[in-house]
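In our numbering, the protein residues as written are 5 to 437.
In this text, a Cβ means the ideal position worked out from N, Cα and C, and glycines have one as well.
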Ligand code: DLL
């Protein structure tokens, strides 16, 4: 099923015309209303009238998190606060949070993006949607909520946390769809097992997971343990929130970008030079229809590439493969670039190792090293030391073979690694201490 057949299956030539028209209007609007954008464009020697083709977007300066910080909290809004009906903010692990605003029309557009996304994931009217994304300043909860309501689903606004109660409600209310981060879904699967509840006795059919990187191995684990289809959803507050891109249930391979509302580019992660379709680099988004808080060429720091192949689902929007990590989560271990999700992939292939792990980054002299701490199953933990040593060296060798780095391995007791209720924290950087 496709939510908005006309838009989502539009021929590319037509789509590109829509994009250009919207881009021109958007650039004109930010130039006229936001002094900061006007100054940046003046400094770059570009005026709204210079945008004559889609490729001319390259003339425009990038926007970064730093620009958002400098304009904290409302400096980049294009409308007076009287027209803003919603404010969200990203957690901001370092420094100030980033603040984003929405007009009534933005909220309507967002609801449509989420309705399209959930429909692509196989969600319909009549579904009971268990929304365990956090409600609050985080965009996940309310963003997904409005989209599910738009479809006509019955939404349970459970938010994150209190896992036992979540399972009871899931069982009693007959939830058919789970919305959460993949790490929280795993936490819920563990809780179910502890409560002696068999997922086959629940009505869950599909999970729509995002807000953090997760590997294909994690997908298989979640599908197996929860007896569902697991769909990847991508988004970020600065651009919208959830609903920027979604996998279709037909292929589960690459996420369709809502290109009639968001223009995607890929740039070289060091030089920021635009890259052709197919080459991997940093994702950059320009919003085409946002009113209160549009962004021009926002550098996401997420790594992916664009896939132009036609998809069997009928959508004409380009796809992007799963985002495996962010440039700022990338570890450089003795010259080798590694993302935490690659370590996850290795760990999850090993028998007896639980999908709960964390990575400690240390500095020895002038070189960085990592220690992977991972839980093993109850049986293995109480086994002989020889068995533990065997597993430990298997992990070490597999990491070395697949990623080319040497890591220290520490096997820890079941349930000692902190469980996630939202976005999991995987990397602990002890270099800065
Ligand atoms: O995480 C929005 C969201 C909510 C997306 C619910 C999906 C579901 P932020 O808190 O601003 O917004 O964080 C955005 O999270 O730049 C990525 O690094 C990461 N991210 C989001 N979705 C995915 C995904 C929400 N499916 C940042 N895979 C982004 C990998 C993801 N990383």
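Taking non-hydrogen atoms of ligand 1 into account, the C-beta of residue 216 is found less than 7 Å away from one of them. When DSSP states are grouped into helix, strand and coil, residue 177 belongs to the helix group.
Scanning its chain for C-beta atoms nearer than 6 Å, with the 5 sequence neighbours on each side dropped, one finds around residue 281 the residues 310, 312, in chain order.
Shown here for residue 353: same chain residues with a beta carbon closer than 8 Å to its own, the five before and five after excluded, namely 221, 402 in chain order. Of the residues 120, 186, 187, the one whose Cα lies closest to the Cα of residue 154 is 120. The Cβ neighbour count for residue 275, taken over all protein chains shown within 10 Å, is under 16; the residue is labelled exposed. Residues of the same chain with a CB within less than 7 Å of the CB of residue 115, apart from the 5 flanking positions on each side, are 150, 151, 154 in chain order.
Residue environment analysis places residue 417 among the exposed positions, since fewer than 16 neighbouring C-beta atoms fall within 10 angstroms of its C-beta.
Between ligand 1 and the CB of residue 129, the shortest heavy atom gap is not smaller than 7 Å.
Assigned with DSSP and collapsed to three states, residue 372 falls in strand.
A residue is called buried when at least 16 other Cβ atoms come within 10 angstroms of its Cβ; residue 386 does not meet this threshold and is exposed.
Residue 348 and residue 361 have their C-alpha atoms roughly 8 Å apart.
Ligand 1 never approaches residue 391 closely enough for any of its heavy atoms to be under 7 Å from the residue's Cβ. Relative to the Cα of residue 161, the nearest Cα in the group 138, 167, 168 belongs to 138. Annotation for residue 302: no alpha helix (DSSP H) segment contains it, though the beta strand (DSSP E) segment containing it runs 302–308. For residue 251, the closest alpha carbon among the candidates 54, 406, 320, 388 is that of 320. At least one heavy atom of ligand 1 lies closer than 7 Å to the C-beta of residue 241.
Taking a contact to require three or more Cβ pairs closer than 8 Å, the segment 127–135 and the segment 173–185 qualify as touching.
Set against 7 Å, the gap from the CB of residue 384 to the closest heavy atom of ligand 1 is not smaller. Under the three-state reduction of DSSP output, residue 394 falls in the helix class. In the structure shown, residue 399 falls within a helical segment according to DSSP collapsed to helix, strand and coil. Check the Cα spacing between residue 283 and each of 234, 273, 228: the tightest is with 273. For ligand 1, no non-hydrogen atom lies closer than 7 Å to the CB of residue 121.
At a threshold of 7 Å, residue 327 counts as near ligand 1, since its beta carbon sits closer than that to one of the ligand's heavy atoms. Three or more Cβ pairs closer than 8 Å define a contact, and the segment 194–204 falls short of that threshold against the segment 240–258. Taking the C-beta atoms as reference points, residue 358 is found nearer than 8 Å to residue 380. Around the CB of residue 296, 16 or more other CB atoms lie within 10 Å, so the residue is classed as buried. In this structure, 392 is the residue among 189, 302, 392 with its C-alpha nearest to the C-alpha of residue 413. Relative to residue 204, the option among 327, 228, 79 whose CA is nearest is 228.
If you draw a straight line from the Cα of residue 185 to the Cα of residue 327, it comes to about 14 Å. Scanning the segment 220–291 for uninterrupted alpha helix (DSSP H) segments of 4 residues or longer gives 220–230, listed from N- to C-terminal end. Here residue 373 has 366 as same chain residues with Cβ atoms under 6 Å from its own Cβ, once five neighbours each way along the sequence are excluded.
Residue nearest to residue 124 within the set 404, 315, 383 is 315 (criterion: CA-CA distance). Distance from the C-beta of residue 144 to the nearest heavy atom of ligand 1 is below 7 Å. 188 is the residue among 188, 62, 181 whose C-alpha sits nearest the C-alpha of residue 166. Apart from sequence neighbours up to five positions away, the residues of its chain that approach residue 118 with a beta-carbon distance below 8 Å are 147, 148, 150, 151, 152, 154, 246, 247, ordered along the chain.
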